[in-house]
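Please read the structure below before turning to the comments.
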Amino acid sequence: MSSIDRADPVIMGHILSQHRELHAQLVAVRACLAGSGRCVAELRAALESLRDHLRSHFRQEEMGGFLEESIARMPRLSAAARTVMGEHPALLAELDALIGSLEKADSAAAWDQTAAAAERFAQHLLDHERNENAVVQEGYNEDLGLD
Ligand SMILES: [Fe+2]
Ligand SMILES: [Fe+2]
Numbered sequence: 003m004s005s006i007d008r009a010d011p012v013i014m015g016h017i018l019s020q021h022r023e024l025h026a027q028l029v030a031v032r033a034c035l036a037g038s039g040r041c042v043a044e045l046r047a048a049l050e051s052l053r054d055h056l057r058s059h060f061r062q063e064e065m066g067g068f069l070e071e072s073i074a075r076m077p078r079l080s081a082a083a084r085t086v087m088g089e090h091p092a093l094l095a096e097l098d099a100l101i102g103s104l105e106k107a108d109s110a111a112a113w114d115q116t117a118a119a120a121e122r123f124a125q126h127l128l129d130h131e132r133n134e135n136a137v138v139q140e141g142y143n144e145d146l147g148l149d
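Next comes the structure, spelled out in structure tokens:
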């Protein structure tokens, strides 16, 4: 069967557009962190919204046959795909802990710690999505001869 007439690029496009959306939410988180003062309420709102998006995004990736398609096309990607999927629980736990720590971010020193933890989390999530995009794109590009 030709890969061109299959619907997978639709799934992939959908997931990639969610990645762009998550990226925009991280930009909002970072904008708050880059300000001069503490922005506990804004950061909490941004992180809680991100958590909702992330939960449903991860679920879709896990159920949607999203990475499986890449693996079917290129079995050698299977270890890399398993590795990125395996990062989901830790990312959600890190985000939950971060949201929990906002309660205590009531001093300048505590805020600095929370802000640093938020920046680390943003970096972990960006790394995760980038690795995921790489697995998917590798699977599809080689299959389509676009490499
Ligand atoms: Fe993911
Ligand atoms: Fe993702």
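With the sequence shown counted from 1, adding 2 to any position gets you this note's numbering. Don't be surprised by glycine CBs; every beta carbon is placed ideally from N, CA and C. Computed from a predicted structure; not experimentally measured.
Looking from the CA of Gly39, the closest CA among Glu105, Lys106, Asp114 belongs to Asp114. In this structure His90 is not in contact with Phe123, their Cβ atoms being roughly 14 angstroms apart against a cut-off of 8 angstroms. Setting aside the 5 residues that flank it on each side, Ile17 is surrounded in the same chain by Phe68, each with a C-beta closer than 6 angstroms to its C-beta; the list follows chain order. The three-state reading of DSSP puts Gly88 in helix, counting H, G and I together. Under the three-state reduction of DSSP output, Cys34 falls in the helix class. Less than 8 angstroms separates the beta-carbon of Glu134 from that of Val86. Secondary structure note for Arg46: its alpha helix (DSSP H) is the uninterrupted segment 42 to 65. Looking only at Gly88, Ile101, Ala36, Glu71, the smallest Cα-Cα distance to Leu52 is reached by Ile101. Beyond the five residues adjoining it in sequence on each side, Ile73 comes within less than 6 angstroms, by CB distance, of Leu79, Ser80, Ala83 in the same chain, given in chain order. Burial state of Glu63 is buried, judged by a 10 Å Cβ sphere holding 16 or more other Cβ atoms.
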